[in-house]
Amino acid sequence: NDASDVVEMVEAALQRLDPQIKHYGINLTLSTCANLPCCTVDHQSGVRLIERMIATTIGIAETGEALAIEVTHHASHIIITIAQPRLIDFDMTANLVALSADQEARCVNPPALGLNFAIRLIRQMAQAVGGQFTIEARKFALILPQARDSEEKTIESG
2 NDASDVVEMV EAALQRLDPQ IKHYGINLTL STCANLPCCT VDHQSGVRLI ERMIATTIGI
62 AETGEALAIE VTHHASHIII TIAQPRLIDF DMTANLVALS ADQEARCVNP PALGLNFAIR
122 LIRQMAQAVG GQFTIEARKF ALILPQARDS EEKTIESG
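Residue numbers for the sequence shown follow my numbering, so the first one is 2 and each next one is one higher.
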């Protein structure tokens with residue numbers, strides 16, 4: 002399995018979503034840590050997964066909202082987080098996010114089949130490539146497996 006550059010996948014997803022980001026006036030910032038290892042996810046599958054996560058998050062944001070995306074790594078995983086839009090109600094005990102009808106009306110482009118369906122889809126896509134999608138208190142996190150030969154294949158050298 003070839004190793005893929007996660008930052009390249011995030012940037013490709015952002016490029017594909019650029020018209021939507023501009024249309025809704027969303028201010029996205031991307032920060033990455035140095036010497037990120039590559040991941041084991043196929044480039045195209047990774048771009049689709051990351052694009053789905055970002056598109057869903059943008060869709061539940063308000064016009065002009067600022068959202069931060071961070072790419073880091075920990076142990077044998079690469080972690081992509083995106084801040085949850087301010088409209089989201091997070092239930093820690095149920096590990097669910099929710100939108101009231103009033104909140105949904107303020108979203109720029111809420112998921113057609115509902116937020117939790119969209120999240121289940123992202124979660125299934127992540128599991129299909131050996132990763133995980135988690136919901137934390139104020140952010141969504143996509144956790145991808147790091148390539149085994151990551152010492153030789155980092156963003157700076159590979």
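Every residue gets a Cβ at the ideal spot worked out from N, C-alpha and C, and that includes glycine.
Residue of Thr73, Val48 and Ala14 minimising C-alpha distance to serine 32 = Translated into positions along the sequence shown, residue 32 becomes position 31. Among Thr73, Val48 and Ala14, the Cα nearest to that of serine 32 belongs to Thr73.
Best match in Ala84, Glu12, Thr64 and Thr82 for proximity to lysine 23 [C-alpha to C-alpha] | For the purposes of this step, residue 23 is identified with residue 22 of the sequence shown, where counting begins at 1. It is Thr64 whose Cα lies nearest to the Cα of lysine 23.
Would you list the one or two residues that DSSP bridges to threonine 33?
-> One-based indexing of the sequence shown puts residue 33 at position 32. In the DSSP assignment, threonine 33 is bridged to Val72.
Check the DSSP bridge columns for glutamine 133 and list the partner residues they point to.
-> The residue labelled residue 133 in the question sits at position 132 within the sequence shown. DSSP output for glutamine 133 lists Ile144 as bridge partner(s).
Decide if glutamate 157 is buried, meaning its Cβ has at least 16 other Cβ atoms within 10 Å, or exposed.
-> The sequence position of residue 157 within the sequence shown is 156, counting from 1. The predicted position of glutamate 157 is uncertain, since its pLDDT is 44 and thus under 50; no value can be drawn from it.
Can the beta-carbon of isoleucine 83 be found closer than 8 Å to that of leucine 37?
-> Residue 83 sits at position 82 when you count from the first residue of the sequence shown. Residue 37 sits at position 36 when you count from the first residue of the sequence shown. No, the Cβ-Cβ distance between isoleucine 83 and leucine 37 is not below 8 Å.
Measure from the alpha carbon of glutamate 137 to the alpha carbon of each residue in Ile51, Ile120, Met126 and Ala129, then state which is nearest.
-> By 1-based counting over the sequence shown, the position of residue 137 is 136. Of the candidates Ile51, Ile120, Met126 and Ala129, Ile120 places its Cα closest to the Cα of glutamate 137.
Could you please give the first and the last residue of the uninterrupted beta strand (DSSP E) stretch that includes alanine 62?
-> In the sequence shown, counting from the first residue as 1, residue 62 sits at position 61. Unbroken run through alanine 62: none, as it is neither H nor E.
From Pro112, Leu18 and Val48, pick the residue whose C-alpha is nearest to that of glycine 60; which is it?
-> Within the sequence shown, the letter at position 59 stands for residue 60. Closest option to glycine 60, Cα to Cα, is Pro112.
Can you tell which of Val7, Ala56 and Val42 has the C-alpha that lies nearest to the C-alpha of valine 109?
-> In the sequence shown, the residue the question calls residue 109 occupies position 108. With distances taken between Cα atoms, valine 109 lies closest to Ala56.
So isoleucine 80 is in the beta strand (DSSP E); what residue range does that whole segment cover?
-> Working through the sequence shown from its first residue, we reach residue 80 at position 79. From DSSP, the beta strand (DSSP E) with isoleucine 80 extends over 78-84.
Run the CB neighbour count on glycine 159, radius 10 Å, all protein chains shown included, and call it buried at 16 or more, exposed below.
-> Residue numbering aside, residue 159 sits at position 158 when the sequence shown is read from its first letter. Only weak support is given to the placement of glycine 159: the predicted model assigns it a pLDDT of 39, under 50, and the value that follows is read from those uncertain coordinates. Exposed, because fewer than 16 other Cβ atoms sit within 10 Å of the Cβ of glycine 159.
In the DSSP assignment, what residue or residues form a beta bridge with alanine 67?
-> Numbered from 1 along the sequence shown, position 66 holds the residue referred to as residue 67. Alanine 67 is bridged by DSSP to Asn28.
Residue closest to alanine 89, alpha-carbon to alpha-carbon, out of Ile81, His75, Thr30 and Gln104 = Numbered from 1 along the sequence shown, position 88 holds the residue referred to as residue 89. Looking at the sequence itself, residue 89 is isoleucine, so the reference to alanine does not match. Here the closest residue by C-alpha is Gln104.
In angstroms, rounded to a whole number, what distance separates the CA positions of glutamine 85 and alanine 62?
-> Position 84 of the sequence shown, counted from the start, is the residue given in the question as residue 85. Position 61 of the sequence shown, counted from the start, is the residue given in the question as residue 62. In a straight line, the C-alpha of glutamine 85 is about 8 Å away from that of alanine 62.
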